[in-house]
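In the numbering used here, the protein residues as written are 323 to 1019.
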């Protein structure tokens, strides 16, 4: 998530006990049991790191042309043997180029503005591309993504890429313009089309990946694309608008940050910092205040000011002003904002399918979505963080039990309806003894004051519209910006990045899971749900820190070769290697010691299983530093985000977001340092070994 659009206002006034306070008590309790913090950091063998058990890797298949009408992801791959990291940790870097280990190569794929069909002109380095060009090209600021193989291939597949936000100065020739207080309609459409998601057909030929131009799979979802509203909120009075009087559709998906997938082969894109795109200059209801809808005078991009332009169609600009002006919800746009803030399911393999917002999974600033390890005959669980200071971690549990046959069905969105439209949404409460509980956001759940959620919110759809408020009410644990979630492929442990929280001070306090005041560095936690229960056990995996910090800050004993701050993107490959990406706010200035030492980065580690909750501290500690290794360093000011691999692990995809002066013009080599001033382009980078063997081992 870029700092350009992050919500820096603390909107949680619940006074629920924060995670940091719980974690501080927990660390103190464990240190007393084992003889103090120094002893705790030195005796972490019970948490040790080891090669994981088997999981799926995927096999390589030959080029199939990619035009099978129902290609699917392919058969389940064979499990691998245990793995070990086979590269040395990189030194720090502060250059306008990408750095990879010796023996690796990296090239740029599909940067912003790259046409995906013949309806777009090539990207113009002076910013002169039109809104139609952006509708048929890669959007801006790549973020979460996933590679979907065609029939199991590792040389051809579909890449789903989120486009989180826009940089108006780079998007337009001379930045955005305002004429008599109004944004020009063409500029607004261009900005709207630069948001959203791209599905692109890619193929590797002679070792290099490229877009298959004009493939029937290539398509864009933007902030104007019609989408279905499914689940409890869809079709209710909460989402009826002039565009959709019956409340079954909404236009667009916005600020798509993290992502996820499903066991049946669909893509989940997460709507994160969408609220400030809307403005309400009248009386904002509590649910709008709680998510951060702008009080005016304008929204983030001032899209609403283009309303009444002669070219406007069906209120395409007016809808961003949600001020109540009409006699009913179908006479103004008051409900437009209620169609945003969800997880959106996309079937990449079916070009005719309609993206579907799964409202049962909650409405907040979603940052990714990881599913539990599927077990036949048992419900599926999906985990998502709410990326804002002092917000919460959520779990959605399906009403339907998992049937492995559903993984092979071709009506994938119908499968999604089966598992994602009915179920129970929970929010996490962390306890200082290393235990935790999932609190159901249902009407019968009691709140802190002894009443029930039904006393405050009368219906399930009202609870979901007010997800944050419902979580406040039941006493969930406020966290330090919970972001990406990831599931260990063999043992099912869930990992979560807590990026940072500089608003945590003496007044707001700490808790066991968020133990540091002014938490500028962030940390990663993990937990394991107890079978058939709403209980879980948790621990700290690693604390971010610079290598020279004192022991209370550098609780994981990080060194120059793996110091990190603001962990953000997170993903496991199917071998059990955990990949950690950072967003250290360098675009706002190098304001902490890690940022002064290195650009944002990606690290790798092979975690062991979650230990007993009586353990003493973080799993990464002074005794096992060589197990956490820096694999990649990005160009200046860029966030490293998005992660995926081909089934055979020979190609790794990641995204470079908001670089300051990269990539160099007229080269596809991602490691080339820009020597001249360029209009920066967020891009996907593909990393491969020069010898063609699997990455990282």
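We treat Cβ as the ideally placed atom computed from N, Cα and C, and that holds for glycine.
Discussion item. Just to confirm, is the Cβ distance from residue 846 to residue 807 under 8 Å?
Written reply: no
Worksheet item: Tell me, which residues are paired with residue 923 by DSSP?
Response: 955
Worksheet entry | Distance between residue 724 and residue 978 (C-alpha atoms, nearest Å) | 36 Å
Worksheet item: How about residue 885 and residue 904: do their beta carbons lie closer than 8 Å?
Response: no
Item to complete: Could you please give the first and the last residue of the uninterrupted alpha helix (DSSP H) stretch that includes residue 679?
Response: Careful: residue 679 lies outside any alpha helix (DSSP H), inside the beta strand (DSSP E) at 678-680.
Worksheet item: Run through DSSP, which three-state label would residue 896 get?
Response: coil
Worksheet item: Taking the alpha carbon of residue 1022 as the point to measure from, which residue in 564, 624 and 752 has its own alpha carbon closest?
Response: Lying outside 323 to 1019, the shown extent of the chain, residue 1022 is not represented and no answer is given.
Discussion item. Could you check whether residue 414 and residue 1026 sit closer than 8 Å to each other, using their CB atoms as the reference points?
Written reply: With the chain running from 323 to 1019 in the structure shown, residue 1026 is simply not present.
Item to complete: With residue 309 as the anchor, note down where its beta strand (DSSP E) starts and where it stops.
Response: Residue 309 is absent from the model: the chain starts at 323 and stops at 1019.
Worksheet item: Candidates 761, 508 and 739: which alpha carbon is nearest residue 632's?
Response: 508
Fill in: Pair within 8 Å by beta-carbon distance, residue 823 and residue 841
yes
Item to complete: If I'm right that residue 954 touches residue 421 with Cβ under 8 Å, what's the distance once you round it to whole angstroms?
Response: 7 Å
Worksheet entry | Through-space distance from residue 995 to residue 684, alpha-carbon basis | 43 Å
Practice prompt. Could you name the residues of the same chain whose beta carbon sits closer than 6 Å to that of residue 882, not counting the 5 residues immediately before and after it, in chain order?
Written response: 869
Worksheet item: Alpha carbon to alpha carbon, what distance is there between residue 1017 and residue 1010?
Response: 7 Å
Worksheet item: Is the segment 495-508 close to the segment 517-524, with three or more CB pairs under 8 Å?
Response: no
Worksheet item: Ordered along the chain, which non-local residues of its own chain (more than five positions away) have a Cβ less than 6 Å from that of residue 990?
Response: 429 and 430
Worksheet entry | CB contact flag (residue 295, residue 786, <8 Å) | The requested residue 295 is not part of the displayed model; the chain covers only 323 to 1019.
Discussion item. For residue 455, report the span of its alpha helix (DSSP H) as first-last.
Written reply: 453-457
Fill in: Candidates 541, 336, 444 and 562: closest to residue 655 by CA position
562
Worksheet item: Is the segment 611-621 touching the segment 577-587, taking contact as three or more C-beta pairs under 8 Å?
Response: no
Worksheet item: Quick one, which of 712, 694, 698 and 713 has its alpha-carbon nearest residue 704's?
Response: 694
Discussion item. Taking the alpha carbon of residue 812 as the reference point, which residue from 897, 601, 582 and 908 has its own alpha carbon closest?
Written reply: 897
Item to complete: Would you grab the beta carbon distance between residue 850 and residue 893 for me? Rounded to a whole angstrom, and I think it's under 8 Å.
Response: Not a contact, Cβ separation roughly 18 Å.
Worksheet item: Shortest alpha-carbon distance to residue 574 belongs to which of 950, 438 and 596?
Response: 596
Fill in: Cα-Cα separation, residue 479 to residue 613
37 Å
Discussion item. In whole angstroms, give me the CA-to-CA distance for residue 434 and residue 675.
Written reply: 24 Å
Discussion item. On a Cα-Cα basis, can you pick out the residue from 974, 590 and 862 that is closest to residue 1015?
Written reply: 974
Practice prompt. Buried or exposed for residue 816, please, with buried defined as at least 16 other CB atoms from any protein chain shown within 10 angstroms of its CB.
Written response: buried
Worksheet item: If we count the other Cβ atoms within 10 Å of its Cβ and call it buried at 16 or more, is residue 542 buried or exposed?
Response: buried
Worksheet item: What's the C-alpha gap between residue 1001 and residue 984?
Response: 8 Å
Worksheet item: Cβ atoms of residue 753 and residue 801: under 8 Å apart, would you say?
Response: no
Worksheet entry | Reference residue 948, options 470, 925, 964 and 932, closest by Cα | 925
Fill in: residue 965: first and last residue of the uninterrupted beta strand (DSSP E) it sits in
961-967
Discussion item. Going residue by residue through the segment 665-741, where are the continuous alpha helix (DSSP H) segments of at least 4 residues, counting only ones entirely within it?
Written reply: none
Worksheet item: In three-state terms, what does DSSP make of residue 625?
Response: helix
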